[in-house]
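Student: Per the working numbering, the very first residue in the sequence shown carries number 51; after that it's consecutive.
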Amino acid sequence: MKNEFGYISENLRVIKENAAEAADKYRGGVMPRIMAVTKTVSPAAVNYAVSLGIGLLGENRVQEFLSKQESYDPSAEVHFIGHLQTNKVKYIIEPMTMIQSVDSLKLGTEISRLAAIHGKTMDVLCEVNIGGEDSKSGVSPSELVPLLEQLAQLEGIRVKGLMTIPPPSDGDIFLGKMEELFNNIKDRNISGISMDELSMGMTHDYAEAIQHGSTIVRIGTGLFGARDYGTKNA
Ligand SMILES: *Cc1c(COP(=O)(O)O)cnc(C)c1O
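#1: Quick one: Cα of Phe115 to Cα of Lys140, how far?
#2: Specify the secondary structure class of Arg268 as computed by DSSP and reduced to three states.
#3: On the CB-based measure, 16 or more other CB atoms within 10 Å of its CB, does Asn233 come out buried or exposed?
#4: Buried or exposed, going by whether 16 or more other CB atoms sit within 10 Å of the CB of Arg268?
#5: Under the three-state reduction of DSSP, which class applies to Glu205: helix, strand or coil?
#6: Do you know whose CA, among Arg83, Ala257 and Ile223, lies nearest Asn68's CA?
#7: If I'm right that Ser241 touches Ala202 with Cβ under 8 angstroms, what's the distance once you round it to whole angstroms?
#8: Decide yes or no for the touch test of the segment 248-267 against the segment 74-81: beta carbon pairs closer than 8 angstroms, at least 3 of them.
#9: Is Cys176 closer than 8 angstroms to Leu194 when the C-beta atoms are compared?
#10: Report the residue ranges of all alpha helix (DSSP H) runs contained in full by the segment 66-118; include only those spanning at least 4 residues, in chain order.
#11: Using the beta-carbon count (16 or more within 10 Å), is Gln150 buried or exposed?
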């Protein structure tokens, strides 16, 4: 196992170095968590990343997760980060510790219902469509506060912050807008929710995202290489 995935440890070293540089410069040295985004990546490669100390995995697709779940090192925590259909919540309510992509009361209500059945409280983030893109899911910034207030009323669900995927162009502007929105919401002190986590930053923009206060950066290709089964190099 040691050399086949050597590129992953080299990639991780570079990511940590860049993240630490941004954290030192802009965040008083406070590092975000680094999530390994696993879509299309083999469980062997994912487990190698876990062996390097990455304790957090991000899954986009329920079906793919179900097919790989049993092969994963159980010590890693798994968050759902993709678009989630209400009828698929039942598959992830038990194995996952956070759903980062809640963008409607309907979805929140189903998570709440199933969490109650399983006797657990599910941590969630609200996904914000900060760029107002038609192609992306997420709640619009203007609808965010009403949604948070409604989610705060539900049993079995605990809102812990926000998640976003900014538009590829002008990303830096939108990361700044997201930071502003996050801080605004935090200052409102909406009862029943907390604003501890701001999940933003991917391979191409994680350093900028850290600058803007990200607490979880989600890295796929920068860690595992181009998304293609069998790819060995970044
Ligand atoms: C794929 C994906 C990522 C990782 O993207 P990379 O550019 O490969 O780092 C992060 N977040 C979400 C929601 C994704 O779907």
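Beta carbons: idealized from backbone N, C-alpha and C, even for Gly.
For clarity, every value in this text was computed on a predicted model and none was experimentally measured.
Tutor: Well, looking at it:
#1: Rounded to the nearest angstrom, the two C-alpha atoms are 13 angstroms apart.
#2: strand
#3: exposed
#4: buried
#5: coil
#6: Ala257
#7: 7 angstroms
#8: Yes, the segment 248-267 touches the segment 74-81.
#9: Contact: yes.
#10: Counting whole runs of 4 or more residues, the segment 66-118 contains the alpha helix (DSSP H) stretches 93-101 and 112-118.
#11: buried
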